[in-house]
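Chains as they are written, first to last, in our numbering: chain A, 1 to 117; chain B, 118 to 228.
Cβ atoms here follow ideal geometry from the backbone N, Cα and C, with glycine treated the same way.
Quick caveat: nothing in here was measured; it's all calculated off a predicted structure.
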Amino acid sequence: GAVVSQHPSRVICKSGTSVKIECRSLDFQATTMFWYRQFPKQSLMLMATSNEGSKATYEQGVEKDKFLINHASLTLSTLTVTSAHPEDSSFYICSARATSGPPGTQYFGPGTRLLVL
Amino acid sequence: RKEVEQDPGPFNVPEGATVAFNCTYSNSASQSFFWYRQDCRKEPKLLMSVYSSGNEDGRFTAQLNRASQYISLLIRDSKLSDSATYLCVVTVSGGYNKLIFGAGTRLAVHP
Chain A
1 GAVVSQHPSR
11 VICKSGTSVK
21 IECRSLDFQA
31 TTMFWYRQFP
41 KQSLMLMATS
51 NEGSKATYEQ
61 GVEKDKFLIN
71 HASLTLSTLT
81 VTSAHPEDSS
91 FYICSARATS
101 GPPGTQYFGP
111 GTRLLVL
Chain B
118 RKEVEQDPGP
128 FNVPEGATVA
138 FNCTYSNSAS
148 QSFFWYRQDC
158 RKEPKLLMSV
168 YSSGNEDGRF
178 TAQLNRASQY
188 ISLLIRDSKL
198 SDSATYLCVV
208 TVSGGYNKLI
218 FGAGTRLAVH
228 P
């Protein structure tokens, strides 16, 4: 099946630093990738939809200047958390939508656990 | 009101038991429906799609009632390995078929 990788799997950083998370589709091309955030015991919340070669679409309440998304190729999207603060500590998961299969089929990366001290 | 609501559980059941999870969604324009499974500190994985006619995959049966905006998942003959959080997921029309996740129902199967 389709494989999506994320790097790094976990990161600990100091408050005020920026963190970049990569999401790659390994064996298929993904024109659309999604970024989610999940706080403990809560549901996955969609942060933004990333389209190759165009600007990302952010969900209401998500600061586009704080969460920078770049989808430079059909297999790579990056999320940069700028000037991270402790409240940004969360589980960040990306997914990629395959061009075939039932509508809504998305393949998820293994997630990145971010801890901001 | 949350777009997708689930009983958080936990459901603690013995091996071999039958357990049912329910889910309601608020957007009548929702188009596709899924159950995902999420293990602790892992990404969600698709368990099965849910169709109006109801569908079965081995020990798992999913049902959809569009009129009531209600989705269910039935697990028969529970195994220890079924212990996980089960996420009810819907897509909404327009745009990129965004997935809207419920907060999940936790299942713990014990010997």
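Check, Outcome
"Touching by the beta-carbon criterion (3+ pairs, under 8 Å), the segment 54 to 65 of chain A and the segment 139 to 146 of chain B", "no"
"Meets three-Cβ-pair contact criterion under 8 Å: the segment 70 to 77 of chain A and the segment 129 to 140 of chain B", "no"
"Residue environment, V3 (chain A), which counts as buried when at least 16 other CB atoms sit within 10 Å", "exposed"
"Residue-chain proximity (I93 (chain A), chain B), Cβ-Cβ < 7 Å", "yes"
"Contacting residues, own chain, Cβ-Cβ under 7 Å from T17 (chain A) (five flanking each side not counted)", "A84"
"Classification of P40 (chain A) by the beta-carbon crowding that lies within 10 angstroms, buried from 16 upward", "exposed"
"Proximal chain A residues relative to A220 (chain B), where beta-carbon distance stays under 7 Å", "Q42, S43"
"Near-chain B residues of the segment 45 to 76 of chain A (beta-carbon distance less than 9 Å), N- to C-terminal order", "M45, L46, T49, N51, T57, E59"
"The segment 201 to 210 of chain B / the segment 155 to 167 of chain B touching (three or more Cβ pairs under 8 Å)", "yes"
"Cβ of P161 (chain B) within 7 Å of any chain A Cβ", "yes"
"For I21 (chain A) and V226 (chain B), the rounded distance between their alpha carbons", "35 Å"
"Beta-carbon spacing of G109 (chain A), C23 (chain A) below 7 Å", "yes"
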